[in-house]
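Novice: Sending over a structure as structure tokens; questions will come in a sec.
Residue numbers (full-length UniProt numbering): 1 to 154.
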């Protein structure tokens, strides 16, 4: 059924976040962008003409939640700090202007002068292997393709 195919997108998205043992916040923005891309593709497809209005409403709701998620620097910082993603996803999928603004604003937000501070405060914790695996879940192949595209263009 047509409606089941449409509803499969948000169901698959929601199912990619239930983990209590593996951090998933880094996946939020790419997953929402992937779902938006799929819903927009469905909206343009004549096969989905009978549910086009519902797809438009779904995209409006998705945009509302994307704006809320995008406003939280945590989502961007965790994406950049993911060792499998780093800056490559942002470079491949966001405009150069947004990329530059993002770097400036996040640097200004999180940078602090360590030259005057306590040495213990400026020391970093030892590196531990990341439990995050970018190659599984909803939209993971799309995310991996974005990272590969960015790396290939360098």
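For each residue, glycine too, the CB sits at the ideal point set by N, CA and C.
Scan the region 2-34 and note each continuous alpha helix (DSSP H) run of 4 residues or more that stays entirely inside, going in chain order.
Specialist: Taking only runs of at least 4 residues, the alpha helix (DSSP H) segments lying wholly in the region 2-34 are 2-15.
Novice: Just to confirm the assignment, what range does the alpha helix (DSSP H) spanning residue 149 have?
Specialist: Reading the chain shown from its first residue, position 149 is the one you call residue 149. Residues 140-152.
Novice: Which residues in the same chain have their Cβ closer than 8 angstroms to the Cβ of residue 120, if we skip the five residues on either side of it in sequence?
Specialist: One-based indexing of the chain shown puts residue 120 at position 120. Confidence is the limiting factor: at residue 120 the pLDDT is only 49, short of 50, which leaves the residue's position unreliable, though a coordinate-based value still follows. So no residue of the chain qualifies.
Novice: Is it buried or exposed for residue 64, if we count other Cβ within 10 angstroms and need 16 for buried?
Specialist: To locate residue 64, count along the chain shown from 1; it is residue 64. Exposed is the call here.
Novice: Tell me the rounded alpha-carbon separation between residue 57 and residue 35.
Specialist: In the chain shown, counting from the first residue as 1, residue 57 sits at position 57. In the chain shown, counting from the first residue as 1, residue 35 sits at position 35. Near 14 angstroms, if we compare the C-alpha coordinates of residue 35 and residue 57.
Novice: Within 10 angstroms of its Cβ, does residue 27 collect 16 or more other Cβ (buried), or is it exposed?
Specialist: In the chain shown, counting from the first residue as 1, residue 27 sits at position 27. Buried, because 16 or more other Cβ atoms sit within 10 Å of the Cβ of residue 27.
Novice: Could you tell me whether the region 86-95 touches the region 142-154, using the rule of 3 or more Cβ pairs below 8 angstroms?
Specialist: yes
Novice: Would the region 37-52 and the region 3-23 be scored as touching if the rule is three or more Cβ pairs under 8 angstroms?
Specialist: yes
Novice: In this structure, does DSSP put residue 45 in helix, strand or coil?
Specialist: For the purposes of this step, residue 45 is taken as residue 45 along the chain shown, with counting starting at 1. In the structure shown, residue 45 sits in coil (DSSP, three-state: anything other than H, G, I, E or B).
Novice: Excluding the 5 residues flanking residue 142 on each side, which residues of the same chain have their C-beta closer than 7 angstroms to its C-beta?
Specialist: On the chain shown, position 142 is the one that residue 142 refers to. So the list reads 34, once near-sequence residues are dropped.
Novice: Using alpha carbons as the reference points, say which of 98, 77, 51, 83 lies closest to residue 157.
Specialist: Past the edges of the chain, shown from 1 to 154, lies residue 157, and the structure says nothing about it.
Novice: Mind checking whether residue 31 and residue 16 have CB atoms under 8 angstroms apart?
Specialist: Position 31 of the chain shown, counted from the first residue, corresponds to residue 31. Position 16 of the chain shown, counted from the first residue, corresponds to residue 16. Yes, the Cβ-Cβ distance between residue 31 and residue 16 is below 8 angstroms.
Novice: Buried or exposed: where does residue 13 fall if 16 or more other Cβ atoms within 10 Å of its Cβ makes it buried?
Specialist: Working through the chain shown from its first residue, we reach residue 13 at position 13. Buried, by the Cβ-count rule.
Novice: Run the CB neighbour count on residue 100, radius 10 Å, all protein chains shown included, and call it buried at 16 or more, exposed below.
Specialist: For the purposes of this step, residue 100 is taken as the residue at position 100 of the chain shown. So residue 100 ends up on the exposed side.
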